[in-house]
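Notes to accompany the following structure.
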Amino acid sequence: MQEILLASLEQGLIFSLLAVGVMITFRLLDIADLSVEGTFPLGAFVLAWGFASNLNPFLGLVLAFVAGSLAGLFTYFLYKKLAIPAILAGILTMTILYTVNLKINGTSNVPLATETTLFDLSQALPDVLILGVIVLVMKLALDWFLQTEQGYLLKVTGDNDSLVRSLGQNPNRYLALGLLLSNGLAALSGALMAQYQGFVDITMGQSMIVTALASIVIGEAIFRYNKSLKITSRGILGALIYRIIYGLAIHFGLNPDDLKAITALIVIAFIAYNNLSASQKRRQQIRKAKEQ
Numbered sequence: 619m620q621e622i623l624l625a626s627l628e629q630g631l632i633f634s635l636l637a638v639g640v641m642i643t644f645r646l647l648d649i650a651d652l653s654v655e656g657t658f659p660l661g662a663f664v665l666a667w668g669f670a671s672n673l674n675p676f677l678g679l680v681l682a683f684v685a686g687s688l689a690g691l692f693t694y695f696l697y698k699k700l701a702i703p704a705i706l707a708g709i710l711t712m713t714i715l716y717t718v719n720l721k722i723n724g725t726s727n728v729p730l731a732t733e734t735t736l737f738d739l740s741q742a743l744p745d746v747l748i749l750g751v752i753v754l755v756m757k758l759a760l761d762w763f764l765q766t767e768q769g770y771l772l773k774v775t776g777d778n779d780s781l782v783r784s785l786g787q788n789p790n791r792y793l794a795l796g797l798l799l800s801n802g803l804a805a806l807s808g809a810l811m812a813q814y815q816g817f818v819d820i821t822m823g824q825s826m827i828v829t830a831l832a833s834i835v836i837g838e839a840i841f842r843y844n845k846s847l848k849i850t851s852r853g854i855l856g857a858l859i860y861r862i863i864y865g866l867a868i869h870f871g872l873n874p875d876d877l878k879a880i881t882a883l884i885v886i887a888f889i890a891y892n893n894l895s896a897s898q899k900r901r902q903q904i905r906k907a908k909e910q
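This is the structure in structure tokens:
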């Protein structure tokens, strides 16, 4: 059981970067960006290319983030410059990246067993600690950015882009920035997963958007009344809880082939719980107002 929980925490930390990335577009910018299903494996394939080019894993992570960010900018180009609906722009980017990912290393599967990964460089430290430090650094950096003027304008863009215009700013600039950060984090998550599991595969991106949404919904459902938690914290905690549920389900005998359906059911259950709770709270407020 301890091994299952530890592995779940490690994978939860990896997927938490993906969840936070999707949260930027899904919650802050209020757009549906499916390109993360292409940028997640893109980060892994770029990392594998970096290993083949004798680059160290830290530089590989940086290159993965940059590649994912460029893919996010391509989605922005399709969405805003070519006036393609956001959801379709993401699907087109994801489709193009499938071919791009195959071309990067010339194969659909790249083993990394013989490479010196980030975890091999720090053998004295447990994997969960290494991943925890990376996630913490990215979280603190993103929290700091969201408190700056640029971060504030990014958040306002999703709620009221007219207000951004009234401040003399172009909301498209912050939309592009949000897509850049979101897909950069997704690619970084994919690069970490490749090093963690020891191989890169073209199917890595399948259902990643559902995994990210499950993490977001769980984090918001459980911690929605905790106003002290930042949005990044909810995404990270949601990913950890989701992966623990996922790991325990496998441990207790659930067929791995059924896990995609289970993931979707988890999302449905938590969304329904959120909606019912909100509806009940509104009824209570109306009742109290009538009593007064």
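Using the numbering used here, you'd call the opening residue of the sequence shown number 619 and step up by one each time. Cβ coordinates follow ideal geometry from the N, Cα and C atoms, glycine included.
Would you call residue i buried or exposed, if buried means 16 or more other Cβ atoms sit within 10 Å of its Cβ?
i, result
"residue 813", "buried"
"residue 667", "buried"
"residue 898", "exposed"
"residue 637", "buried"
"residue 818", "buried"
"residue 893", "exposed"
"residue 687", "buried"
"residue 712", "buried"
"residue 704", "buried"
"residue 870", "exposed"
"residue 879", "exposed"
"residue 886", "exposed"
"residue 875", "exposed"
"residue 838", "buried"
"residue 857", "buried"
"residue 810", "buried"
"residue 690", "buried"
Just to confirm, is the Cβ distance from residue i to residue j under 8 Å?
i, j, result
"residue 642", "residue 726", "no"
"residue 683", "residue 719", "no"
"residue 786", "residue 660", "no"
"residue 805", "residue 658", "yes"
"residue 884", "residue 859", "no"
"residue 877", "residue 867", "yes"
"residue 646", "residue 798", "no"
"residue 640", "residue 794", "no"
"residue 700", "residue 679", "no"
"residue 766", "residue 675", "no"
"residue 790", "residue 698", "yes"
"residue 635", "residue 743", "no"
"residue 749", "residue 655", "no"
"residue 630", "residue 900", "no"
"residue 853", "residue 827", "no"
"residue 670", "residue 723", "yes"
Go to residue i, then tell me how far its beta strand (DSSP E) extends in each direction, as first and last residue.
i, result
"residue 729", "727-729"
"residue 817", "817-819"
Considering residue i, what are the terminal residues of the alpha helix (DSSP H) in which it resides?
i, result
"residue 756", "745-764"
"residue 631", "620-641"
"residue 686", "675-694"
"residue 768", "767-777"
"residue 669", "654-670"
"residue 876", "Run containing residue 876: none; DSSP gives neither H nor E here."
For this session: Could you pull out every unbroken beta strand (DSSP E) segment of at least 3 residues lying fully inside the stretch 792-857, listed in chain order?
Result: Those beta strand (DSSP E) runs which fall completely within the stretch 792-857 and span 3+ residues are 817-819.
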